[in-house]
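Here is the structure we will look at.
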Amino acid sequence: MSKLKKTKTRNPWSWIPTLYFGQGLPYVVVMSVAVIMYKRFGLSNTDIALYTSWLYLPWVIKPFWSPFVDILKTKRWWIISMQLLIGAGLAGVAFTLPTPFYFQTTIGFFWLLAFSSATHDIAADGFYMIALDDSQQSFFVGIRSTFYRLAMITGQGLLVVLAGFLENKTDNVPFAWSITFFVLAGLFITLFAYHNFILPQPVSDIGRAAHSPSDIAKEFGQTFISFFTKEGIGLAIAFMLLYRLAEAMLVKLASPFLIDVREVGGLGLSTQEVGVVYGTVGVIALTLGGIIGGIVASQKGLKYWLWPMALSITLPNIAYLLLAYFQPESFVWINTAVAIEQFGYGFGFTAYMLYLIYFSQGEHKTAHYSICTGFMA
């Protein structure tokens with residue numbers, strides 16, 4: 013039976029939230045949870061920085077193997093396979109944590125998780141573009157970002173809380189973290205089984221015929237050539253590099269500014285207060301901005317909303333200028349200013365994501381989108 017005859021459609025609400033929650037969780041596990049875990053095992057900050065910093069590499073270089081996801085198999089196959097592999101990698105971490113050689117084995121499994129997760133990102137973003145029409149892509153761009161952020165909160169919050177609770181209950185750090193990773197492994201096996209059943213089978217998600225090595229090499233090169241010869245590529249790259257420039261400059265110094273004492277120009281907030289401002293109020297505002305941005309863009313299109321969104325991602329940064337000038341003591345005013353800035357960023361970032369999606373359209377859209385996200389990084 014051909015793939016065309018087997019095509020099924022599903023309500024996007026049944027798979028987009030779980031797909032992007034599953035996309036964000038392994039990233040935060042590798043980049044954040046692993047650091048906390050190794051610290052609890054007594055490793056030095058120097059060793060942790062040395063061995064975990066390199067784990068970001070697969071997400072940086074993923075554009076270089078993204079053409080294989082386009083050339084070989086289907087996006088659906090890659091998603092399901094990577095989720096199974098991620099589940100196996102998490103189980104591997106859980107099994108080996110109580111052993112004397114835990115560090116060597118877990119680092120190996122974290123590398124497996126990093127490459128599997130980066131490949132899953134490529135396939136999931138490509139699948140999003142072929143499984144939804146333009147209006148749906150615009151509408152759900154905020155929804156997918158919301159569940160990606162929920163995965164971040166789950167990893168940095170709930171998982172660490174669970175591990176800490178088990179540490180206190182058992183007084184056994186390796187056992188506590190082993191159970192935590194078993195829970196994660198079970199979650200990903202569940203996602204694998206669920207998505208194997210629920211993911212649609214779009215007509216355009218058809219596996220290519222068998223290729224010889226020379227054909228694969230030729231198509232691999234053609235993927236990059238076709239991207240860099242797209243009409244308007246120069247302006248597009250400039251847009252990708254500059255659209256978020258103001259926010260990128262702000263984000264590095266926003267938290268230090270909030271923490272610095274007032275005598276040197278800061279606001280003198282405690283670590284806990286900064287957590288409330290950014291981790292609660294800021295996240296809520298950012299999420300609402302993204303959701304509303306997706307809804308309005310789905311109604312009138314990116315062309316109509318591009319300039320308003322571009323302004324909304326930049327102008328609210330004035331809130332920090334006002335905070336620096338007036339240095340308010342009111343926690344309410346500080347939260348309000350940060351909420352305005354974060355809402356503007358969430359709303360404006362919608363245009364950026366949609367631009368990447370639209371610019372990537374064509375025969376190699378999955379690989380081209382991955383290349384675009386490389387410029388975003």
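The sequence shown finishes on residue 389 if you use this note's numbering, and the numbering steps up by one all the way, no holes.
Every residue gets a Cβ at the ideal spot worked out from N, C-alpha and C, and that includes glycine.
Which of helix, strand or coil DSSP assigns to residue i
i: V288; result: helix
i: R256; result: coil
i: L109; result: coil
i: G176; result: helix
i: D145; result: coil
i: Q234; result: helix
i: K51; result: helix
i: L211; result: coil
i: S129; result: helix
i: Q373; result: coil
i: I303; result: helix
i: V273; result: coil
i: R156; result: helix
i: T241; result: coil
Euclidean distance between Cα positions of residue i and residue j
i: S224; j: K85; result: 14 Å
i: Y337; j: R274; result: 11 Å
i: K18; j: R88; result: Low per-residue confidence applies at K18: pLDDT is 48, beneath 50, and the placement is therefore not dependable enough to give any value.
i: I325; j: N184; result: 46 Å
i: K230; j: H380; result: 16 Å
i: E179; j: V172; result: 10 Å
i: F80; j: P70; result: 15 Å
i: I119; j: Y63; result: 8 Å
i: T182; j: F53; result: 15 Å
i: T385; j: M141; result: 14 Å
i: A175; j: I191; result: 8 Å
i: K396; j: L366; result: The question about residue 396 has no answer here: the residues shown for the chain are numbered 13 through 389.
i: M390; j: V286; result: Only positions 13 to 389 of the chain appear in the structure, and residue 390 is not among them; the question remains open.
i: T131; j: S26; result: 22 Å
i: G169; j: V263; result: 21 Å
i: I134; j: P340; result: 44 Å
i: L247; j: M49; result: 43 Å
i: F371; j: L55; result: 45 Å
i: W317; j: V308; result: 8 Å
i: K51; j: N57; result: 7 Å
i: P315; j: L368; result: Note that residue 315 is Lys in the sequence shown, not Pro. Cα to Cα, K315 sits roughly 13 Å from L368.
i: N347; j: L257; result: 23 Å
i: Q288; j: F343; result: It should be pointed out that residue 288 corresponds to Val in this sequence rather than to Gln. Approximately 10 Å between the Cα atoms of the pair.
i: A351; j: I218; result: 44 Å
i: Y206; j: W189; result: 26 Å
Beta-carbon proximity of residue i to residue j, cut-off 8 Å
i: F33; j: F159; result: yes
i: T30; j: L203; result: yes
i: F139; j: I73; result: no
i: S129; j: P268; result: no
i: A390; j: F355; result: This structure does not reach residue 390, given that the chain is present from 13 up to 389, and the question cannot be answered.
i: L279; j: L335; result: yes
i: S78; j: T378; result: yes
i: V41; j: G233; result: no
i: I249; j: F387; result: yes
i: I390; j: G306; result: It is not possible to answer for residue 390, since the shown part of the chain is limited to 13 through 389.
Rounded Cβ spacing between residue i and residue j (contact assumed at less than 8 Å)
i: G36; j: A163; result: 3 Å
i: L125; j: G101; result: 4 Å
i: H376; j: T235; result: 5 Å
i: P110; j: F187; result: 6 Å
i: I228; j: I83; result: 6 Å
The stretch 346-364 in contact with the stretch 295-306 per 3-pair CB rule at 8 Å:
Result yes; three or more Cβ-Cβ pairs closer than 8 Å.
Three Cβ pairs or more, each shorter than 8 Å: is that satisfied between the stretch 182-198 and the stretch 99-113?
Under the Cβ criterion (8 Å, minimum of three pairs), the stretch 182-198 counts as touching the stretch 99-113.
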